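Residue numbers (numbering that gives the first Met the number 0): 0 to 285. Where is the CB? At the ideal position from N, CA and C, for every residue including glycine. As the structure is a computational prediction, the values presented were derived from the model and not from experiment. Presented below is the structure to which this report refers.
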Amino acid sequence: MASPFVSSTTHTFSPPLHYDEETNEPYLPLPPPFGPRIRLTPPRLYHPDPDSSASYKLDDDVAALVQNHNLPEIYMFLTGPPRPYTEQYAKEWLKKRKAESQALLDEMDRKTLSKGSEAGASETNIPAPSRPVPSGCPVRVIRERLDDGTDAFLGDCFLARSHFPEIADLEERERRTEENYAYEKGDPRIIYSFGMFLSPSAHGRGIMSAAVRTLIEQWAVPVMAARQFEVAAMSHNVGSQKVFLKNGFTLAKELEDAVDLEKLGKGKGKVGLKLYRREISSPDEE
């Protein structure tokens, strides 16, 4: 089997990424008391390789995604993905997400090497302010390293430019999205959003709050120069709303009957949508 891991060959863009000593997989550790056992890593997907004799103790994410996305405790709070959630869909999704993570890491390695070469700097002493701004974050899957060396899949927490799901007018939503994606990397006008879910077995531990905090404080603000965040949650998704509030977000807007559950295949009737915002005026504020 070929390696399931997204990895860096140069480690030129090390801070704030860490690298697993055995697998070379990049990760962001959650803050104490969770990290480094609980961490954010890239998605994992095995690809059959008849010429490889490598074996890994760590599973890929297909089975975990199928199991979690077919649980009502998870899918009832998400506007996607499709139901039922199939193994084939999981593999296709992981293939895309793994490629995105690897591309981001390659982009950072390549640009950092180029920047260091222009400045006559070594790979390890390039000052943080001069590092190029990446277009995203290569880690998103929440895992817990167990005592036997295996990893438990806990959930997913990703950062992306907002698509403004709270805007009912589709033309206006499309206009705002195109505008948001047209800004150059590092532009303070970019509005970022989060998508997330957590396995029910990990509920009540504060893990998702710590994961969002990690992405904001360790990556979005210092690495991507992000300043504006906007997140939406269905009105009955109390857990996500608590996560946002714990991370400095404030309720900006409430929309009644904004989500049609029947169209999503998740029941009858409509539910409201709550929009939370956070703006960081300077790096020192985060």
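* Use the C-beta contact count for residue 249: other C-beta atoms within 10 angstroms, 16 or more gives buried, fewer gives exposed. => That one is exposed.
* Taking residue 192 as part of the beta strand (DSSP E), name the residues at either end of that continuous run. => 190 to 197
* Asked: So what's residue 294 in DSSP terms, helix, strand or just coil?
  -> Lying outside 0 to 285, the shown extent of the chain, residue 294 is not represented and no answer is given.
* **Inter-stretch contact (C-beta, 8 angstroms, three-pair minimum) for the region 206 to 220 and the region 169 to 189** => no
* Inter-residue CB distance, residue 246 and residue 76 (contact presumed, cutoff 8 angstroms) -> Actually they do not touch by this definition, with Cβ atoms about 18 angstroms apart.
* At what residues does the alpha helix (DSSP H) containing residue 233 begin and finish? -> Not the alpha helix (DSSP H): residue 233 falls in the beta strand (DSSP E), residues 227 to 233.
* Asked: Skipping 5 residues on each side, what residues in its chain have a beta carbon closer than 7 angstroms to that of residue 259?
  -> 269
* To do: If I'm right that residue 157 touches residue 194 with Cβ under 8 angstroms, what's the distance once you round it to whole angstroms?
  => 5 angstroms
* Per-residue burial, residue 149 [other beta carbons within 10 Å of its own, 16 or more giving buried] -> exposed
* **Beta carbon of residue 43 nearer than 9 angstroms to that of residue 140** => yes
* Minimum C-alpha distance to residue 131 - residue among 209, 183, 215 and 202 -> 183
* residue 269 - DSSP class collapsed to helix/strand/coil -> Of the three classes helix, strand and coil, the one that applies to residue 269 here is strand, per DSSP.
* Measure from the alpha carbon of residue 252 to the alpha carbon of each residue in 178, 227 and 231, then state which is nearest. => 231
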